[in-house]
Each structure stands twice: as structure tokens, then as C-alpha cells.
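Read through the structure below, which is laid out as C-alpha cells, and then see the notes.
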Amino acid sequence: MADSNKAYRLLRRAVSSRATARRVRRRVEVHERGRFRIAVYFADSAVNMYQVRQWYRPLAGIAERWPVVVLARSARGATALLDDGALPVAFVPKISELEQYLASQDIRIVLYVNQNTRNFQMFRYAGRWHVFINHGESDKIYMSSNQYKAYDYALVAGQAARDRLSRALWDYDVDRRTLMIGRPQADHYLAAAPAPGDERTVVLYAPTWEGDRESMSYGSILTHGERIARELLSSGRHRLIYRPHPRSGVIDDAYGAASERIIAAIAAANAADPAARHVHDDGPEIGWQLASADVAILDISAMIYDRLAVGRPLLITRPVNPMAEIDQDGFLSDCEWLTADAARDVIAEVDRVRDDDAALARLRRWVTHYFGDTSPGVATAKFHAALEHLMGEWEAWHAGATAAGPEGRPTGTGPHRPEA
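Under our numbering, the letters of the sequence shown match residues 198 to 617, in that order.
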């Protein structure tokens, strides 16, 4: 009986997937031959859309010079991309369709926002740069994965990323294969900000999900979250912005249930005092929350480093699980921790990190180490310069190919070391 139920579920899923794919094909426009120069490869479903959405605004600026298309391999991912309408989409679920599309376009740079295993299917296509841009900066072990070696280049935030890769990867030329661009998303953080607030202290609490292994059990909703919410919602002088990770509760039902209780508590607090305007934020825009908050409370995740790019105070929840891996060399070695016990006194901790001169000086030092110059517009200029550099290298490489040696390789030395 169990086997037959499983077979039925698999059949329904397959039928649903085919129906979704048909709907996507009807919506995707036919692109002019040779129109695009840059592609974003996105093999994921809708659940990981946050990884590509954060690049929409920086890529819109790039597209003014070099047209950009998203190569979507999943029907549900393609649906979400089409619904957003931020960038042109090519739906290429089959390898044969991917090959046909690449043959119709002049793609010179392929950008990757994550380490999906299907990225490997794209690496087979030479004649273009494969460039990892990731979906954030952090000190997670993910950020020094040996998978970096699969890409021609990686666009990284700053010196901290280079140091991390140098420590972790054997025989990897960090100086040649990485280009530092800061955090171009930060130049757009306030684009979707709501109206200015009042005298309340705005606190962003943005926990990550529970993780799928002990070494990455960084989520704090069960251990810290309800205490944090209870104190801030009842203070009368704080406004809470609660933004849980979209995957919260996918592994642990109890984690998801705790998140739902926080959401219910926010609704109850707003009903009791409409002027409080606490926020449960699950929208697609990420950035305004980081820029608007007076203090951010974050788990170990890329959100820490998105907040660092703003240069404003933050507290990091200390994982309760002793197996959770914590980087001992970067910002986390010198950050402002919030333990589960201290979450009961979160208001005092919020006040401390806002007013402590020593904590603020440490923060400024780490901001520079991770992102360099965070003045408005600087990171965007670096992003454009990095792609300009790669386009120049593409042209030099292909020009050299016209004078190929006996083995079909250009007679020149190939790409030179890119400037930071």
C-alpha cells in the first residue's frame, strides 16, 4: 500500500511538473538572435528565488550596457522569474534546449548565484567565462567550498573573502581568480523602504532556517526568537521587523511552529497598539530592512554581511548547538554575541551596541575589511568595472584564437591577472 501511494504521489508530481512547464513555455518570449551577452544561470526552483532576486537591481544597471538573460532550468523557478519580470528569461530545462539557446546567443559571461549541482551541466560549454557571484557574503563553510575551483572567476566582496579562500583552498590562485566588488546591492537597499518612522527604535530580527546538519544549525527561532519578540513587542519604544528565512521549518516542524507564534504575537501587538507598526516581512525585497533598522539581530548567515555593508550596529545570536561551526578568524571572532540567556535582556543589549564607542569602532574596522569603501555608488562602480574587465579578457582571448597554435590554442598567454 505504501509503495502504491508513493508511486501515485510521484505520478501526480510529474504530471504537475509537465503542466507547469507547458504554461511557462507559453509565457516565455522568443528572443532576438544574438541579443544577449551575459547570462545568469539559475537551476533552482522558486524556494531559492531570494538568491537571484537580490541581484536584480545591480544587473539592471549592467543590462543597460550588455543585455542580460536568466537561464532557468526549473519550471517553477522560471514561473517565479517571469512573475517578477525583472530580467528576460529563457526556459531551458533540457540540455538540448540549453545548447540550442546558447547557439542562438552571444553569451560571453555566465554568472552563478549558488552552488547547485546542475551548475556542472553548464560548465561543459567553453568559449565564455563562468563566474561565481554568490548570493551574499558570510563566513559559513559554504563560502570557502572547493567548488570555487570550478569557476573561471569569482566576484567577491573584499579582502576578508580572499583571506578565507586562501586559508581553505589548496593550489588556488586567489589574486588572479577573484575580483573584489564590495556589495553592489547595498547601493539599492533603500529603494523599497517604507515611509520614515517615528521615535521608536527599529530592530530587525532576521533569523536563518534551522539547517539540515548539526554543523550548520545556526537558526535561533527556537532558542532566542520568542524571547526577543516578547521583549521588543512589549517595550512600547521599539518597532520589530521580523524577517524569517523562507525555508524556516522545512526540516523541523517545531522551528516552523515557533516562527508562526512570533508572527501571531506581532499581529496581536499591532491590534493592541496600531501605532506600533511592527512588521512581519516576507516580501521579495531585501535591503530596506537592513538599512532602516537602528539595530539588527541576526543569525550566522549572509545577512550579517549584508548588514555590515550598511555599517550599522548588529547583534549575532550565539548558536546553542555546540556542533555548529563558527569561523574563528573573521568578524565572528570579534562580534557582539547575543546568547540564548541574554535574549531575556535584549533591550539592554540593543541599547549597548548603539552607544558603546568601542563596539562601534570595532564595527567600522570590520566593515572595511569585508567590503572596502562602502560609500554610495562605489560597489556598483566596482561591479561594472569587473564585468568590463572580463569582457575585455573575452575579446583578447578570442582575438588570440584566430592565430591558433598547432593544438588549436591561442598563441598568446591567455587571460592576465585581473585587477581588484
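All residues carry an ideal CB built from backbone N, CA and C; glycine is no exception. Note that the coordinates shown come from a computational prediction; the quantities given were computed from them, not determined experimentally.
- In the same chain as SER342, and ignoring 5 residues on each side of it, the C-beta atoms closer than 7 angstroms to its own belong to GLN312, in chain order.
- In the displayed model, LEU487 falls within a helix according to three-state DSSP.
- Note that the C-beta distance between ALA490 and LEU401 is below 9 angstroms.
- Between the alpha carbons of ALA403 and ARG262 lies a gap of roughly 35 angstroms.
- Partner residues in a beta bridge of TYR322, as assigned by DSSP, do not exist.
- With a cutoff of 9 angstroms on beta-carbon distance, TYR238 and MET319 are scored as near each other.
- Between TYR502 and GLU334, the C-beta spacing is below 9 angstroms.
- Between ARG509 and ARG230, the alpha-carbon positions lie close to 46 angstroms from each other.
- With respect to GLU590, ARG250 sits apart: the two C-beta atoms are not nearer than 9 angstroms.
- Three or more beta-carbon pairs separated by less than 8 angstroms are not found between the region 404-418 and the region 358-365, which leaves the two stretches without contact.
- By the criterion of at least three beta-carbon pairs nearer than 8 angstroms, the region 420-428 is in contact with the region 538-550.
- Here the region 563-583 makes contact with the region 375-382; the two share three or more CB pairs at distances below 8 angstroms.
- The three-state secondary structure of TRP367, taken from DSSP, is coil.
- When DSSP states are grouped into helix, strand and coil, HIS442 belongs to the coil group.
- GLY416 places its beta carbon 9 angstroms or farther from that of TYR369.
- When rounded, the separation of the alpha-carbon atoms in THR276 and ALA243 is 8 angstroms.
- Annotation: the region 223-272 contains the following complete segments of the alpha helix (DSSP H) (minimum length 4 residues), in chain order: 247-250 and 253-260.
- With a minimum length of 4 residues, the unbroken runs of alpha helix (DSSP H) contained wholly in the region 275-306 fall at 292-301.
- By DSSP's assignment, TYR402 forms a beta bridge with TYR439 and ILE494.
- For THR375, there is no enclosing alpha helix (DSSP H); the residue is part of the beta strand (DSSP E) that begins and ends at 375-377.
- Take the alpha-carbon of ARG444 and the one of LEU560: they are about 29 angstroms apart.
- Contiguous beta strand (DSSP E) elements confined to the region 484-572 occur at 492-495 and 511-514, taking only those with 3 or more residues.
- TRP252 sits close to VAL310, with the two beta carbons spaced by under 9 angstroms.
- Taking 8 angstroms as the upper bound for CB-CB distance, SER271 and ASP303 are not in contact here, some 25 angstroms apart.
- Straight through space, the alpha carbons of ILE338 and LEU284 are spaced by roughly 31 angstroms.
- Here the C-alpha atom of MET413 lies approximately 43 angstroms from the C-alpha atom of ALA593.
- For TYR350, the enclosing beta strand (DSSP E) begins and ends at 350-353.
- Residue state for TYR309 is assigned as strand, using DSSP reduced to three classes.
- DSSP places ARG458 in the uninterrupted alpha helix (DSSP H) bounded by 450-469.
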